[in-house]
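Let me begin by presenting the structure, written as structure tokens, before commenting on it.
Numbering (my numbering), first residue to last: 5 to 182.
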């Protein structure tokens, strides 16, 4: 059954992406890069590294830290390796966009969030030599808008995939019951 938000299939194996898919993907990616770079610039220009605002007893704080490694501080001071891996990741994200796990504009939006997050952190690595993090929850590593966007994008893909798979199986099981 076709839905208005699903991309039509072409004769080959490549799905045809609708204008909505393209707008969702590129719009999300550009919005994330802009928001990520703007917030990091504000942090770098208004705070000194190590500064925390507000006081330490708040549940969520702004804490200016930098990271020369990857998530959770792994691979510290491996800039060249992380930059190469980021470019490979960008290519993989684009392929994932062209061949999404399910045909829905939300998949394009989610993959755009991942692309924007990857580009945001890559720009930091190239221009600053490290990634700026500033969102701080006690007892959890600090993170930034790019990190959040990647996480939200992955969550949308996982939830969307399972919801759409359940929707596909529901009519089949209803037919079997009759």
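Even for Gly, the Cβ is constructed at its ideal location relative to N, Cα and C.
Item checked: Between the CA atoms of residue 74 and residue 130 - distance to the nearest angstrom -> Each residue's alpha carbon lies about 14 Å from the other.
Next item on the list: Consult DSSP for residue 125 and reduce its assignment to one of helix, strand or coil.
Entry: Reduced to three states, the DSSP call for residue 125 is helix.
Margin query: Does residue 45 pass the burial test, meaning 16 or more other C-beta atoms within 10 Å, or should it be called exposed?
Written below: Around the Cβ of residue 45, a 10 Å sphere holds fewer than 16 other Cβ atoms; the residue is exposed.
Next item on the list: Report yes if the C-beta distance between residue 124 and residue 149 is below 8 Å; otherwise report no.
Entry: Yes, Cβ-Cβ distance for residue 124 and residue 149 is below 8 Å.
Checklist line | Coil, strand or helix - residue 66 by DSSP | finding: Here residue 66 carries a strand assignment [DSSP, helix/strand/coil].
Next item on the list: Please determine, among 78, 116, 57 and 30, the residue with the shortest C-alpha to C-alpha distance to residue 159.
Entry: The shortest CA-to-CA distance from residue 159 to any of 78, 116, 57 and 30 is the one to 116.
Item checked: Per-residue DSSP class, three states only, for residue 78 -> Residue 78: coil per DSSP, three-state reduction.
Next item on the list: Write down the C-beta distance between residue 47 and residue 155 rounded to the nearest angstrom, noting that I regard them as a contact closer than 8 Å.
Entry: Rounded, the Cβ-Cβ distance is 19 Å, inconsistent with contact.
Item checked: Enclosing alpha helix (DSSP H) for residue 29 [first to last residue] -> Residues 23-50.
Notebook entry, point to check: With 16 other CB atoms within 10 Å as the buried threshold, where does residue 41 fall?
Noted result: Here residue 41 is buried, its C-beta having at least 16 other C-beta atoms within 10 Å.
Notebook entry, point to check: Do residue 157 and residue 106 have their C-beta atoms within less than 8 Å of each other?
Noted result: No, the pair does not count as a contact, with Cβ atoms beyond the cut-off.
Next item on the list: Taking only the alpha-carbon atoms, compute the straight-line gap between residue 141 and residue 54 and give it to the nearest angstrom.
Entry: Cα-Cα distance, rounded: 14 Å.
Item checked: Spatial distance of residue 84 from residue 72 (CA atoms) -> So the alpha carbons of these two residues sit roughly 11 Å apart.
Notebook entry, point to check: Count the other CB atoms within 10 Å of the CB of residue 122; is the residue buried (16 or more) or exposed (fewer)?
Noted result: A residue is called buried once 16 or more other Cβ atoms fall within 10 Å of its Cβ, and residue 122 is buried on that count.
Notebook entry, point to check: Do residue 32 and residue 93 have their C-beta atoms within less than 8 Å of each other?
Noted result: In this structure, residue 93 does not lie closer than 8 Å to residue 32 by Cβ.
Note to self: Spatial neighbours of residue 51 within its chain, please: C-beta separation below 6 Å, excluding the five flanking residues on both sides.
What the structure shows: Closer than 6 Å at Cβ, skipping near neighbours: 68.
Next item on the list: From the DSSP output, in three-state form, read off residue 141 for me.
Entry: Assigned with DSSP and collapsed to three states, residue 141 falls in coil, not helix or strand.
Next item on the list: Please classify residue 91: does DSSP put it in a helix, a strand, or coil?
Entry: Residue 91 falls in the helix class under three-state DSSP.
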